[in-house]
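Colleague: The structure that follows is given in the form of C-alpha cells.
In my numbering, the protein residues as written are 66 to 271.
Here you go:
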C-alpha cells in the first residue's frame, strides 16, 4: 500500500514539477546557533527539543545538470523546477545565501520551519543543531527529505534593565504650538461661523 501511494505521489509530481517555478522573491529568516559551552548555563533556559521536516521533489535530470554546471568553467543560470519549495528559506548559524543548489535549498526549507517553531515558542537561539538529508530516486524523479532538530533556548536577561523605544515622529495636533497670527485667524473664523449661524436662525424664524 505504501509503495502504491509513493508511486502515485511521484506520478502526480511529474505534472507539478513541469508547472512549478522557482521563487524569484523568497522569504528569508536567520537564527542564532549557540555552540555548547559558548555561554554559562545560568544565562539561558532550555525550552525543549524542536524538529522540522521538509520533502523536496525534483527531476533527476535537473540535479545532474546542476552538478555539471557547478563544476563547469562557464556556469550558466539554470531554472530548477521543484515540488515542495514554498520559497521560505532559513539559515541557522550560517550566513544568508541567496544562490542555493538543490541540496542547500532542501536544507534551507527545513531550517525555516525549525526557525518558525523555535520563534513560536519564544526561543532566542538553537543549541545542539542537527540536520540531515535522505535522497530517494524513483525513475525520473528524486525525493530529498530533510530533517532538522535542535534544542530551543531562551537567553536570560539581566535584571534591572528594560528596553526603551524612541518617541514616534508622527505629528500630534494637541502638541502643536500655534503662533499669535494663527490663533487670531482661528478665532476670527469661529466668530464668522457663529455670526452666519445666527443669521440663518433669524431667517428661519421670520
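C-beta: ideal position from N, C-alpha, C; glycine also.
Note that the structure is predicted; figures quoted are calculated from it, not measured.
1) Counting along the chain, where does the alpha helix (DSSP H) carrying residue 171 start and finish?
2) Between which two residues does the beta strand (DSSP E) harbouring residue 244 extend?
3) For the beta strand (DSSP E) that contains residue 122, what are its first and last residues?
4) Taking the alpha-carbon of residue 126 as reference, which of 204, 248, 227 has the nearest alpha-carbon?
5) In the structure shown, what three-state DSSP assignment does residue 100 receive?
6) Using DSSP's beta-bridge definition, name the partner residues of residue 155.
7) Does DSSP put residue 163 in a helix, in a strand, or in coil?
8) Who are the near neighbours of residue 197 in its chain, counting only those whose CB is closer than 6 Å to its CB and skipping five residues on each side?
Modeller: The short version:
1) Translated into positions along the chain shown, residue 171 becomes position 106. Residues 167 to 185.
2) Taking the first residue of the chain shown as 1, we reach residue 244 at position 179. Taken as a continuous stretch (DSSP letters only), residue 244 belongs to no beta strand (DSSP E), as it is neither H nor E.
3) Walking along the chain shown from the start, residue 122 turns up at place 57. Per DSSP, residue 122 belongs to the beta strand (DSSP E) from 109 to 124.
4) By 1-based counting over the chain shown, the position of residue 126 is 61. With distances taken between Cα atoms, residue 126 lies closest to 204.
5) Within the chain shown, the letter at position 35 stands for residue 100. If DSSP states are grouped into helix, strand and coil, residue 100 belongs with coil.
6) Numbered from 1 along the chain shown, position 90 holds the residue referred to as residue 155. Bridge partners of residue 155: 94.
7) Walking along the chain shown from the start, residue 163 turns up at place 98. Residue 163: coil per DSSP, three-state reduction.
8) What you label residue 197 is simply residue 132 of the chain shown in a count that begins at 1. Contacts found: 212.
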